[in-house]
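Enquirer:
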Amino acid sequence: MLKINQVVNSLINNLNPRQREFLEERYGLKDQNRKTLQELGERHDITRERVRQIESEALRLARENFKNSEALKIVDQGKKFLQSIGGVKKEDDLVSDLKIVLKDDSINKFNLKFLFEVSGTPFYYNEDSEYNGFWYLDKQALKKAQGFIGKGVKFFSNKKDDLVFGNKFSKHLAQLASASNINDKVAIQYFGISKKFGTNPFSDFGLAHWEEINPKTSRAKAYLVLKKQGKPLHFRKIADVINESGFKDKKVYPQTIHNELIKDSRFVLVGRGMYGLKELGYTAGTAKDLITTILKSKGPLDARQVLKLVSEQRFLKENTILLNLQNKKYFKKTDNNKYYLA
Numbered sequence: 001m002l003k004i005n006q007v008v009n010s011l012i013n014n015l016n017p018r019q020r021e022f023l024e025e026r027y028g029l030k031d032q033n034r035k036t037l038q039e040l041g042e043r044h045d046i047t048r049e050r051v052r053q054i055e056s057e058a059l060r061l062a063r064e065n066f067k068n069s070e071a072l073k074i075v076d077q078g079k080k081f082l083q084s085i086g087g088v089k090k091e092d093d094l095v096s097d098l099k100i101v102l103k104d105d106s107i108n109k110f111n112l113k114f115l116f117e118v119s120g121t122p123f124y125y126n127e128d129s130e131y132n133g134f135w136y137l138d139k140q141a142l143k144k145a146q147g148f149i150g151k152g153v154k155f156f157s158n159k160k161d162d163l164v165f166g167n168k169f170s171k172h173l174a175q176l177a178s179a180s181n182i183n184d185k186v187a188i189q190y191f192g193i194s195k196k197f198g199t200n201p202f203s204d205f206g207l208a209h210w211e212e213i214n215p216k217t218s219r220a221k222a223y224l225v226l227k228k229q230g231k232p233l234h235f236r237k238i239a240d241v242i243n244e245s246g247f248k249d250k251k252v253y254p255q256t257i258h259n260e261l262i263k264d265s266r267f268v269l270v271g272r273g274m275y276g277l278k279e280l281g282y283t284a285g286t287a288k289d290l291i292t293t294i295l296k297s298k299g300p301l302d303a304r305q306v307l308k309l310v311s312e313q314r315f316l317k318e319n320t321i322l323l324n325l326q327n328k329k330y331f332k333k334t335d336n337n338k339y340y341l342a
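For the record, in the sequence shown the residue sitting at position 69 is 69 according to full-length UniProt numbering, with numbers rising by one throughout.
1. For Phe114 and Lys250, what's the separation of their Cα atoms in angstroms?
2. Buried or exposed: which applies to Ala187, given that a residue is buried once 16 or more other Cβ atoms fall within 10 Å of its Cβ?
3. Given 7 Å as the limit, tell me if Gly152 has its C-beta closer than that to any heavy atom belonging to the ligand ADP.
4. Compute the Euclidean distance between the alpha carbons of Glu318 and Leu307, then round it to the nearest angstrom.
5. What's the gap between the Cα of Phe202 and the Cα of Tyr223?
6. Could you tell me if Leu82 is buried or exposed, where buried requires 16 or more neighbouring beta carbons within 10 angstroms of its beta carbon?
7. Going by the beta-carbon positions, is the gap between Leu261 and Gly230 smaller than 8 Å?
8. Taking 8 Å as the cut-off, does the segment 111-128 touch the segment 3-18 (at least 3 CB pairs, one atom from each stretch)?
9. Within its chain, find whatever has a CB closer than 6 Å to the CB of Glu212; leave out the 5 residues flanking it on each side and keep chain order.
10. Should Gly87 be labelled buried (16 or more other beta-carbon atoms within 10 Å of its own) or exposed?
11. Count the other CB atoms, across all protein chains shown, that sit within 10 Å of the CB of Ser194; report buried if there are 16 or more and exposed otherwise.
12. With DSSP run on the structure shown, which of helix, strand or coil describes Gly152?
13. Taking 8 Å as the limit between beta carbons, can you name the residues of its chain near Gly271, skipping five residues before and five after?
14. Judging by CA-CA distance, which residue of Val51, Asn108, Lys30, Leu29 is the nearest neighbour of Thr36?
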């Protein structure tokens, strides 16, 4: 089978120089940079409408050439592949997949779009506020994908913790796909065309408006890092993880992170520069405050038990904890060496 560039050339070879130029420029076939009607009109000192007329006639001739060409085979294989995955596919992902399926690294979104538009099918959905640009086989495939996306938004709306922190995406996806009589692979393609879903730098799937999927501030990123880690980290380490994890925005600095942690009550200082999340059980306050809270909750405890429970919440030296226990103003000891509140 011919490569896509050879096939495209075969469709426009017999056009006159201006017709060929206009198709190459309008579709970005040479430099992957699509020119506007205005740009071509100014170059040739003709109106935009005249450019449109020349382009339209050139497309008509290319479609005549398409009828008995190798291009038919490429388009047919592309449509068969699209059918096998549910009839829709995000544009960039389809290009990547067809490079493998057709064994042709020269395929790009420009020559593929030209070939499909000359063919007349499949159809292209232009990117808008709700969808990425994507290809679809027919109206039925489009309607089915859009319906499933709507179901997905409702289904996942109350499953944030399961998806982002519970590693249960596959389980929930299988449940939703089965209820809609499609397989998981097709469900993934449907979600891929929608801007309502996304993944964070840790590859967690969820709704795009969730802060845990698209964290826009340093504070939100710090929260996500600590929640994913499940344990306290030094503020410098939090900054390092953010910078190494592939967040889209610019680099963050340790002092910026430190300032954000101080201002937000969700974060608890648990040691020198170490912060944990209050929702994970870490509490604010001094060592004395923490010991008081523990004894109030647990009742009398020996020194070993106090050390263990405090250390789970704070990165404190053992001597610091023991010294606080000796404060008789707040803590007393039973005959069997258990501490209780004074």
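In this text, a Cβ means the ideal position worked out from N, Cα and C, and glycines have one as well.
Expert: On the basis of the coordinates in this document:
1. For the purposes of this step, residue 114 is taken as the residue at position 114 of the sequence shown. For the purposes of this step, residue 250 is taken as the residue at position 250 of the sequence shown. Straight-line Cα distance between these residues: approximately 36 Å.
2. Residue 187 sits at position 187 when you count from the first residue of the sequence shown. With 16 or more Cβ atoms within 10 Å of its Cβ, Ala187 is classed as buried.
3. What this structure holds is no ligand at all, so the ligand ADP is not there to describe.
4. Translated into positions along the sequence shown, residue 318 becomes position 318. Translated into positions along the sequence shown, residue 307 becomes position 307. Approximately 7 Å, taken between the alpha carbons.
5. As a position in the sequence shown, residue 202 is number 202, starting the count at 1. As a position in the sequence shown, residue 223 is number 223, starting the count at 1. Between Phe202 and Tyr223, the C-alpha separation is close to 13 Å.
6. By one-based count along the sequence shown, residue 82 stands at place 82. Buried is the call here.
7. Residue numbering aside, residue 261 sits at position 261 when the sequence shown is read from its first letter. Residue numbering aside, residue 230 sits at position 230 when the sequence shown is read from its first letter. Not in contact: Leu261 and Gly230 (Cβ atoms no closer than 8 Å).
8. yes
9. Translated into the one-based positions of the sequence shown, residue 212 becomes position 212. Correct list, in chain order: Val164, Leu224.
10. Counting from one through the sequence shown, the residue named residue 87 turns up at place 87. The residue is buried, with at least 16 neighbouring Cβ atoms inside 10 Å.
11. Counting from 1 along the sequence shown, the entry for residue 194 is found at position 194. Looking at its Cβ environment, which holds 16 or more other Cβ atoms inside 10 Å, Ser194 is buried.
12. Within the sequence shown, the letter at position 152 stands for residue 152. Helix at Gly152.
13. One-based indexing of the sequence shown puts residue 271 at position 271. Taken in chain order, the residues that qualify are Pro232, Arg314, Phe315, Leu316.
14. For the purposes of this step, residue 36 is identified with residue 36 of the sequence shown, where counting begins at 1. Of Val51, Asn108, Lys30, Leu29, the residue nearest in Cα terms is Val51.
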